[in-house]
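S.K.: My numbering applies: residue 7 is where the first sequence begins, and numbers increase by one.
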Amino acid sequence: MQYDFTAIEKRWQERWAQLGTFRTLNPGDPGFDPNAPKYYVLDMFPYPSGVGLHVGHPLGYIATDIIARYKRTRGFNVLHPMGYDAFGLPAEQFAVEHGVHPRITTEKNIANMTRQLKRLGLSYDWDRALATTDEEYYRWTQWIFLQLHNAWFDPSKKQARPIAELIRGLESEQYLIDADGELVYAGAGRDLTALTGQPIGTRTWGELTQEARLNLLDEVRLAYLAEVNVNWCPALGTVLANEEVTNDGKSERGNHPVFKRPLKQWMLRITALADRLESDLSMVDWPEAIKLMQRNWIGRSTGARVEFDVAFSDGARPRGDSVDVGEAGDGSETISVFTTRPDTLFGATYMVLAPEHPMVESLTSGAQWPAVEEYRRQTAAKSDAQRQAEAASGQKTGVFTGGYALNPVNNERIPVWIADYVMTGYGTGAIMAVPAHDERDWAFAKQFHLPIRQVVAPADGKEIDITVAAFCQEGVAVDSANESISLDGRPTAEAKALITRWLEENGLGRGMVQYKLRDWLFSRQRYWGEPFPVLHAPDGRVVALDESELPVRLPEMADFSPTASDDPAAPPQPPLARAPDAWKYVTRSGTRYARELNTMPQWAGSCWYYLRFIDPKNGKRFVSAEAERYWMKGGIDLYVGGAEHAVLHLLYARFWHKVLFDLGHVSTPEPFGRLFNQGYIQAHAYTDARGVYLPAEEIQERGGKHYHNGEEVKQEFGKMGKSLKNSVAPDEVCDQYGCDTLRLYEMYLGPLDQSKVWNTRDIIGVHRFLQRVWRLFIDETTGNPRVADAAPSPEVTRLLHKTIKRVTDAMEALSFNVAIAALIEMNNELLKQYPPEAKDKALPIAVAEPFVLMLAPLAPHMAEELWSKLGHADTLARERWPSFDPQMLVEETVEYPVQINGKLRGRVTVPSDADNLAIETAARADEKVQASLDHRATDCVAQVLTSAEFTAALLILSPFGAINDKTRVVPKDAAHDE
RNA sequence: GCGGGCGUGGCGGAAUUGGCAGACGCGCCAGACUUAGGAUCUGGUCCCGAAAGGGGUGGAGGUUCGACUCCUCUCGCCCGCACCA
């Protein structure tokens, strides 16, 4: 009876399903063990694609499955769920192209993907499976949106708080409203958000009209409507996220032109949490690279905001002098800038506004107006690619506005320019230019012959020539003094602090922190997404639905395609605009409200799925508090997925989680305690002379060259997929070798976090291993197990304990390739000890059972089969992982390598209890060692180095090489005490 | 340009605290068996050398009795960001 993987795998997959082997109990369920530690191991949420899985997809799923199975045998309650991120563009695009409703396509794809995953023997609790498109799921996605909408960010607490709490604060006049309509915290006596001067007249909540009150609240909500510049793709009929737009300004799907255009959109105030999103990265165990990417994306920089008074062309005016200056401005205008180098303020010789800056019009002189207008027109028309090319070349463009501003530190009148190297979206959209100490300003100043003034010198006193290059490092301030402040001689850090304080005292600015992170554009003009749980009143006001009115279901529609157009100015027409009136309008107390016609982006559903897995059937709450507290303690224990989600998904989900945390709905500040990035599986791809990709399975290899129908072709490699025609389906591999082989092969390919190349021909290696395991355990003629109750030899016992240690260590380190190698070695050795043809030598049960248990997470079907052949009626899924005895690792004799001056000169074998002197004597007696010592002085110092393990090194030093303090000396005897 | 990561046989990779480089697998070479197969088994396989021995972890230096491992420089590849003030 040979290893019949097809029958074995089918049998065990059916049994696991029948027995509910991998069903996971929640706290409170009968039979739940509250004393067992928990382990929540999660895969990144897959999109159920129509083309099915290729072998690259399950790489991470196999790894997490191995861990899940391993942890079960270590006594953990393991939560290991799977589900589908099923809303989104591809399903809808497919649906549009084929005229099938996206729900039908999606369900079909989910069924196929589930079948493919089940075939891999993954130990998910399938009872917890869910899809973001389930009404009972997106009901709670909408509920979370309501939480965001009904919350604001309280800067004094640095927390998201219910809007009702703000209203109470306003009613009790803890908060006032200043002249600009900004909130002022009365308790602290200083304003929180407004940055300029003193508010002239603050008002109380009671003094506001009802409309003003509602406006105020709408402005601070974490989900708010705003007119923003979006990527509008008329051909797709939707706005696109930045990441859906290519560098040359085309849509990633379909390569259609994309235009910037202001549209009223739902936004989520992720920027309010920027600070915590950054600092809380210190709480999680993630790859440093990913943390770094998030930090860069959030882009925190500390500096100061500085106010520059506008000075007009007829001459500088003292600050605060309100002079009517006619068409040029109203005289009280100031230009706010953000700088990270306030210490260089004395070196600011001009200013630059972004071309779109709102003050450009009032600043520009009549003479400069045509040039300014022309420049603004040009930059608006410029593609992102052009801008990037200019940026790379160091070429700067810009135009003088004719206007001037006053440098607040020295009242110097400096020209104000506009240039597209200053961007509207960051800081205030305006900068003070310090060409001596900023590369960009320097290049601009050189190009337009603007003055360059050095105000920082290198700390080491070195002379620099500021006309040759900008000096951007820190140093000491020079030529930076006025009547009331001097920075001269101060190191940069000190100078920054000093000038910032001076600015604050004089009401000219204040220290502040800036982020690159933008608020999250949350609307899509698509059908296949979560509807927003809000209504629009006839007066334009937004009314949020009540929780009890959820879910807002997607309407059934015959035509769900977006309205495409070639006209960039065409009005957006979301598909839901064509929904039946019965869906679109809701009448309440005689008023007719309109539903929101946009839908949520795909990210919405994936922001919280890990919470729903905990309690997927709960109809009362998005997740039960008790189950959430249990499973989320310390965050998810292991979250495995690709690095492509480094910033977007992982940042969005953290943001939602923190809001839910602040509002008391979840118990932990961070969702993902440990993150692991798997590498990609790549595959060879082949092109013919024309550069056209050829199906990889039709290629023959001869002598290192590759041929297709006899023609030599070029070998490349890249991510597996349709476009490179190099996909391999897991189904094919399962048919030919079985999924245990596929699982082993994928893990044996190399370290989990590295990318690796798929090589179908290598699969045979691990398949042979499984066949040899089978032959070790099973008599192929009778089908009976070849085991006996006999005691294993000391050598075999040592081998067993050594292997247990190696495999256990490798499991903990997620080094599955190493774990498999250790099992292969053990199996090879056992086959030598107990060869199948030797009928009298049977495998001792004391060795057979632990071996099977170690194999089980990796090749579970074969392990279960062998386990039952060994006479066990139950599944091994919850058997205890074997343990090793360090005592058993000690060999009777030890082979020591002998190093002389660090070079290997010989090997000696001594009894393992030999002392240093005995080892040294044996070493000195060795011929080769003697030959090496011959031409040296005789009075060598010998040192025996041992480790806690069975290997050890003997070191003999020549006389001049006395032991220095860097040499770690472990006395032989001490090592044995461990 | 800035930031991060990685370079070990023909290939994938292993090597715990700085202490025997190349475990394990593929491929290749030689052989065995044979119901002739893309099966199985045995042996070999870093380089130079007949051997003794020597060299060797992208390259060049350095620290150390001793470096794949630590430091400096450099080359190559991969990833992220991209005028963020």
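From the three backbone atoms N, C-alpha and C, an ideal C-beta is built for every residue, glycine too.
What does DSSP give as the partner residue(s) for SER492 in the beta ladder?
M.R.: Beta-bridge pairing links SER492 to ALA487.
S.K.: To the nearest angstrom, how far is the alpha carbon of GLY515 from that of THR506?
M.R.: Cα to Cα, the separation comes out at about 7 Å.
S.K.: What distance in whole Å lies between the Cβ atoms of ASP315 and LEU412, which are believed to be in contact at a cut-off of 8 Å?
M.R.: Their Cβ separation, rounded to whole angstroms, is 5 Å, which keeps LEU412 and ASP315 in contact under 8 Å.
S.K.: Would you kindly report the start and end of the unbroken beta strand (DSSP E) that includes SER285?
M.R.: Per DSSP, SER285 belongs to no beta strand (DSSP E); it is in the alpha helix (DSSP H), 280 to 285.
S.K.: Quick one: Cα of LYS44 to Cα of LEU269, how far?
M.R.: Distance between the alpha carbons of LYS44 and LEU269 is about 47 Å.
S.K.: Quick test of your reading: GLY513 and PHE454, contact by CB under 8 Å. State the CB separation rounded to the nearest angstrom.
M.R.: With 8 Å as the limit, GLY513 and PHE454 do not qualify as a contact, their Cβ atoms being about 32 Å apart.
S.K.: Suppose you measure from the CA of VAL858 to the CA of ILE784; what does that come to, to the nearest Å?
M.R.: Computed Cα separation, rounded: 13 Å.
S.K.: Report yes or no: do three or more beta-carbon pairs, one from the stretch 346 to 362 and one from the stretch 438 to 451, lie closer than 8 Å?
M.R.: They touch, by the three-pair rule.
S.K.: By DSSP, does ASP10 sit in helix, in strand, or in coil?
M.R.: Reduced to three states, the DSSP call for ASP10 is coil.
S.K.: Let me confirm a value: ALA373 is counted as buried when at least 16 other C-beta atoms fall within 10 Å, else exposed. Which label applies?
M.R.: Per the 10 Å Cβ criterion, exposed.
S.K.: What first and last residue would you give for the alpha helix (DSSP H) that runs through THR506?
M.R.: That run of the alpha helix (DSSP H) goes 498 to 511.
S.K.: I'd like the ranges of any beta strand (DSSP E) spanning at least 3 consecutive residues and lying wholly in the stretch 567 to 632.
M.R.: With a minimum length of 3 residues, the continuous beta strand (DSSP E) runs that stay inside the stretch 567 to 632 are 591 to 594 and 597 to 601.
S.K.: Would you list the residues sitting across from MET518 in a DSSP beta bridge?
M.R.: DSSP, once it has assigned bridges, lists GLY309 as partnering MET518.
S.K.: From the DSSP output, in three-state form, read off TYR356 for me.
M.R.: Of the three classes helix, strand and coil, the one that applies to TYR356 here is strand, per DSSP.
S.K.: How close, in whole Å, do the beta carbons of MET50 and GLY756 come, if the pair is a contact with beta carbons under 8 Å?
M.R.: That belief does not hold up - the Cβ atoms of MET50 and GLY756 are roughly 20 Å apart, past 8 Å.
S.K.: When you compare each of VAL428, ARG209 and LEU820 to THR385 by their alpha carbons, which one comes out closest?
M.R.: It is VAL428.
S.K.: Would you mind stating whether PHE723 and LYS811 have Cβ atoms separated by less than 8 Å?
M.R.: Contact flag unset, no.
S.K.: Out of HIS60, LYS16 and TYR46, which has the shortest C-alpha to C-alpha gap to LEU730?
M.R.: Out of HIS60, LYS16 and TYR46, HIS60 has the C-alpha closest to the C-alpha of LEU730.
S.K.: If you draw a straight line from the alpha carbon of TYR743 to that of TRP589, how long is it in whole angstroms?
M.R.: Each residue's alpha carbon lies about 53 Å from the other.
S.K.: Please report the distance separating the alpha-carbon of TYR9 from that of THR747.
M.R.: Straight-line Cα distance between these residues: approximately 12 Å.
S.K.: Relative to the C-alpha of GLY625, which candidate in ALA844, PHE667 and GLU553 has its C-alpha closest?
M.R.: Of ALA844, PHE667 and GLU553, the residue nearest in Cα terms is GLU553.
S.K.: Could you tell me which of ARG781, ILE830, SER285 and THR788 sits nearest to TYR840, measuring between CA atoms?
M.R.: Nearest C-alpha to TYR840: ARG781.
S.K.: Along the alpha helix (DSSP H) that carries VAL366, what are the first and last residues, could you check?
M.R.: Per DSSP, VAL366 belongs to the alpha helix (DSSP H) from 366 to 369.
S.K.: At 3 residues or longer, and completely inside the stretch 513 to 563: list those beta strand (DSSP E) runs for me, N to C.
M.R.: Those beta strand (DSSP E) runs which fall completely within the stretch 513 to 563 and span 3+ residues are 515 to 520, 540 to 542 and 548 to 550.
S.K.: Leaving aside the five residues before and after LYS728 along the sequence, list all residues of the same chain whose C-beta is less than 8 Å from its C-beta, in chain order.
M.R.: The answer, listed in chain order, is VAL57.
S.K.: Is the beta carbon of PHE661 less than 8 Å from the beta carbon of ILE73?
M.R.: Going by C-beta atoms, PHE661 is not nearer than 8 Å to ILE73.
S.K.: Just to confirm, are LEU214 and ILE169 a CB contact at a threshold of 8 Å?
M.R.: Contact flag unset, no.
S.K.: Identify the continuous beta strand (DSSP E) that holds ASP160 and give its terminal residues.
M.R.: Its beta strand (DSSP E) spans residues 157 to 160.
S.K.: Evaluate the contact criterion for the stretch 598 to 615 versus the stretch 528 to 545: three or more CB pairs, one atom per stretch, below 8 Å.
M.R.: The stretch 598 to 615 vs the stretch 528 to 545: in contact.
S.K.: Roughly how many angstroms lie between the CA atoms of VAL900 and ALA920, to the nearest whole one?
M.R.: If you take the alpha carbons of VAL900 and ALA920, they lie about 9 Å apart.
S.K.: So the alpha helix (DSSP H) LEU657 belongs to, where does it begin and stop?
M.R.: Its alpha helix (DSSP H) spans residues 654 to 668.
S.K.: With 16 as the cutoff for other CB atoms within 10 Å, does LYS623 come out buried or exposed?
M.R.: It counts as exposed.
S.K.: Which two residues bound the contiguous alpha helix (DSSP H) that contains ASN833?
M.R.: First-last of the alpha helix (DSSP H) with ASN833: 822 to 839.
S.K.: Buried or exposed: MET860, going by 16 or more other Cβ atoms within 10 Å of its Cβ?
M.R.: Classification of MET860: buried, given that the 10 Å Cβ count is 16 or more.
S.K.: Give the DSSP bridge partners of MET273, in chain order.
M.R.: TYR230 and LEU527, per the DSSP bridge assignment.
S.K.: Using the three-state DSSP reduction, which class does GLU445 fall into: helix, strand or coil?
M.R.: Three-state result, GLU445: helix.
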